[in-house]
Every structure is written in C-alpha cells, then in structure tokens.
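J.: Take this structure first; my questions come after.
2 protein chains.
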Amino acid sequence: MRPSAKKIASLLSQKGHKLTAQRRAVIDVVVNSREHLAPAALYERVRRAHPAIGLVTVYRTLEMLHELGLICRVHRGGKSRTYTLAPSGHHHHLVCTECGIVADFTDCDLEVLQQRLSQETGFKIEGHLLQFVGHCRNCQGGT
Amino acid sequence: MRPSAKKIASLLSQKGHKLTAQRRAVIDVVVNSREHLAPAALYERVRRAHPAIGLVTVYRTLEMLHELGLICRVHRGGKSRTYTLAPSGHHHHLVCTECGIVADFTDCDLEVLQQRLSQETGFKIEGHLLQFVGHCRNCQGGT
DNA sequence: CTTATAAGTGAAAAACATTTTCAATTAAGT
DNA sequence: ACTTAATTGAAAATGTTTTTCACTTATAAG
C-alpha cells in the first residue's frame, strides 16, 4: 500500500523538519505520480500547484525524502536521476530502453552470491543494485 | 587474457577508423590501467605521454571504444562514468562507496529470475545491471 | 497572540561532466 | 606527393546538480 501525502508529511515533521507549503507541494506530486520522475519533470508538475517554487527547493526536498528513505532514487546512465515513491522495502527495476518506463519487482535472491563475494573480496557489502533492461510490451514492435 | 594495445588498435582500423597518435595514447593508458577510470582521470594520464591531447578527444575515443565493445563503461551514481578494458564477456561490479575502487565478478545466475520477470511483465529483457556496493577492505576501519 | 530564531527559500552563480561547433590538421588510400 | 574524408582541439553550449547568501517563515516559547 502506498503511503499517503499526510503520512509522509507527518514523518517529516517528526524528524524535525519544517512543513512548508513547498514541501507539501513536492510530496503531493510524488505521491500522485505513478512514474519515476526526474527533478526537472517534477519541478514542472509542482509549478502547476505552486508557481513560485524554485528548482533548487525541489532538489533539496527530493534529497531529503530520499535520505529519510521515503522515496527511491534511480540513476539512469549519466543523464539524470529519477525519483519515485518508495514501495515498502527492498525492490528493483526493469527499465525499457525505448520509452523509459520503469517496472518494479521485489525478489532477487542474491544473498548467496553476496556472501560468497564478500568472502572472496573482503568487501563489507552494504547493498546492491539490480536492474534489468529491455523493451516493454508496447515498444517491442517498432524499429 | 587481457587484449593488447596492438590488438585493439588493429580492430579499430579494421572497422574503418583512423589510427591517430591520440587514439594510441588513450588505448595505451586503458590497457595499462587495472582500475576503472573516469574520462578526466584518464585524460590526466594520457597527457603524460601526449601533452597536447584534448579532453574532448579522450571522450570521443572512449565512446568509440565502448561502442565497439572493447572497453566497458560503468555509471556511478550521477557523478561520472568510468571506463575499463573489457574483460572477456559478461561481468559485474562491486563498488566501494568510500574510495570508489571497483572489483569485477562474472557469475550472477539470474536466468531464472529473468525468465519469470519476462513472463510476468511482458518485457523482452535484453540485459541486466548488477552491482554490489559496500566498503572495501581498506575502507572498513575509518569514519 | 507576539516574539525569537533556526530552518527553509529562491535567484543567481558556481561547479561539474558531457556535447557541439567549426576551422585547422592529418592518416591513409590513390 | 596528392586528395579527401576523418579527426582534432579550443571554445562555447548544454544540462544537471550544488553552493551561496540575503530574505522569509514555520514552529516553539513566552
């Protein structure tokens, strides 16, 4: 179940952050978007409800929400980051290289591999990034 | 076995590209570096052998080698790309978030997962990105 | 309800990595 | 050697993200 804007706002203030109109506006957009959005795209949408907001504030708010684990960030090849509401817990992505749509999935079964790598390399492994790329149903016909 | 500079150079000209001093210099650095290097870092090293080279040329050469599949590119969280000589075939990375060092590994066993996802989502999956992050042996003590 | 103040804001500038442009240079085939 | 299309490098353009700093405001205390 996706968290509501109210829930996120209240978590924010519990953590000692102020609840400004700008932050509410950013949270609203994130909560009401199914897609992964880049800061610039989010900024456009937020402006509809709050025309005076600055792009900087959007960046800052997204970073903050990300640090609190409330939204999730995906890096897409050098271009820009995208953010989306964090589904509860650990998950991964399936990205369409044609249209950029992102599907989520949750199970990955990497513990065994992780443990072996940890032993072999001496790394203390703290996380992983798993992402499949391909073409979504809609983009399979075309050139 | 890692390909030699000669081998790469000859592949380049086979593909109809000119063999310039600048390209040779970039190839030499890539072949002689064990690490994954960002274009700027590569540029610094190439300048030792070829002081007049431009950063643009380094970018262009890396892009070209990458398109030919001769070197491999890693995206590291929004910052910059890094390049390294392509080990033969499929492989993945283990990145230290402290010092940025990258270790490679080759086996990932994702076929089963991939097939299931493909069925569930309708995606035609063409590849995947698997990367572990953590702290390497040297960076585990510090703050 | 005021007040104090630390947190938050936005415009502009800085900081980056990367790409584009374009005139000058050069590798490689004839 | 000659020709020419590919390549180069400086500078400018682009695009994203961060920093700076003077101004504003949410929130807690009185």
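Line by line, the protein sequences are chains A and B. Counting in our numbering, the final residue of the first sequence is number 126, and the numbers go up one at a time with none missing. Counting in our numbering, the final residue of the second sequence is number 126, and the numbers go up one at a time with none missing. Glycine residues also receive a C-beta, built at the ideal position from the N, C-alpha and C atoms. Predicted, not measured: the structure shown is a model, and the values here were computed from it.
How many whole angstroms separate the CB atoms of A/V57 and A/T44, which I take to be in contact at a CB cut-off of 8 Å?
T.: In fact, because the Cβ distance is near 17 Å, the residues do not count as touching under 8 Å.
J.: Does B/G125 have its Cβ less than 8 Å from a Cβ in chain A?
T.: Because the pLDDT at B/G125 is just 49, under 50, the model does not fix this residue reliably, and the point stays unresolved.
J.: Less than 6 Å between C-beta atoms, sequence neighbours within five positions excluded: which residues of the same chain meet that for A/G(-1)?
T.: Excluding sequence neighbours, A/G(-1) sits near nothing in its chain.
J.: In this structure, how does DSSP classify A/A35 when only helix, strand and coil are distinguished?
T.: DSSP places A/A35 in coil when its eight states are reduced to three.
J.: Can you have a look at B/K(-10) and say buried or exposed, based on whether 16 or more other CB atoms are within 10 angstroms of its CB?
T.: B/K(-10) comes out exposed.
J.: Rounded to the nearest angstrom, how far is the Cβ of B/I84 from that of B/C119, given a contact under 8 Å?
T.: About 5 Å; that satisfies the 8 Å criterion.
J.: Taking all protein chains shown into account, decide if A/V95 is buried (16 or more other Cβ within 10 angstroms of its Cβ) or exposed.
T.: A/V95 should be labelled exposed.
J.: Check the Cβ of A/H49 against every Cβ in chain B and list those closer than 9 Å, keeping chain order.
T.: What A/H49 touches in chain B: nothing, since even the nearest Cβ is about 12 Å away.
J.: If we ignore side chains and look at the alpha-carbon of each, how far apart do B/L77 and B/F115 end up?
T.: For B/L77 and B/F115, the distance between alpha carbons rounds to 5 Å.
J.: Taking 8 Å as the cut-off, does the segment 22 to 39 of chain B touch the segment -2 to 12 of chain B (at least 3 CB pairs, one atom from each stretch)?
T.: The segment -2 to 12 of chain B vs the segment 22 to 39 of chain B: in contact.
J.: Identify the continuous alpha helix (DSSP H) that holds A/T104 and give its terminal residues.
T.: Element bounds for A/T104: E94 to T104.
J.: Suppose the cutoff is 8 Å on Cβ atoms and the five residues either side in sequence are ignored; what does the same chain contact list for B/S63 look like?
T.: Counting only Cβ-Cβ distances below 8 Å, and skipping sequence neighbours, we find A21, P22 and A23.
J.: So, does the CB of A/A24 fall closer than 8 Å to a CB anywhere in chain B?
T.: So no, A/A24 is outside the interface.
J.: Counting contacts by CB-CB distance shorter than 8 Å, is A/I54 in contact with chain B?
T.: Not one chain B Cβ lies under 8 Å of A/I54.
J.: Considering only the alpha carbon of each residue, which of A/T67, A/G117 and A/H111 lies closest to B/E109?
T.: It is A/G117 whose Cα lies nearest to the Cα of B/E109.
J.: For A/R28, collect the residues of the same chain with a Cβ closer than 6 Å to its Cβ; drop the 5 residues on either side in sequence, then sort them by chain order.
T.: Counting only Cβ-Cβ distances below 6 Å, and skipping sequence neighbours, we find V12.
J.: Which word fits B/T67, buried or exposed, when buried means at least 16 other C-beta atoms lie within 10 angstroms of its C-beta?
T.: Result: buried.
J.: Provide the residue span of the alpha helix (DSSP H) that contains B/K107, from first to last.
T.: Note, B/K107: premise wrong, no alpha helix (DSSP H); beta strand (DSSP E) at K107 to H118.
J.: In whole angstroms, what separates the C-alpha of A/L38 from that of A/L25?
T.: Rounded to the nearest angstrom, the two C-alpha atoms are 9 Å apart.
J.: Which residue marks the beginning of the alpha helix (DSSP H) containing B/C7, and which one marks its end?
T.: It should be noted that the sequence gives Arg, not Cys, for residue 7 of chain B. Note, B/R7: alpha helix (DSSP H), A4 to V14.
J.: Which residue wins for smallest C-alpha separation from B/E46, given the options B/L(-5), B/A86 and B/S101?
T.: Nearest option by C-alpha distance: B/L(-5).
J.: Under the three-state reduction of DSSP, which class applies to B/I127: helix, strand or coil?
T.: Residue 127 of chain B lies beyond the stretch modelled for chain B, which goes from -16 to 126, so this question has no answer here.
J.: What residue range is occupied by the uninterrupted alpha helix (DSSP H) comprising B/L(-5)?
T.: Segment A(-12) to Q(-3), the alpha helix (DSSP H) holding B/L(-5).
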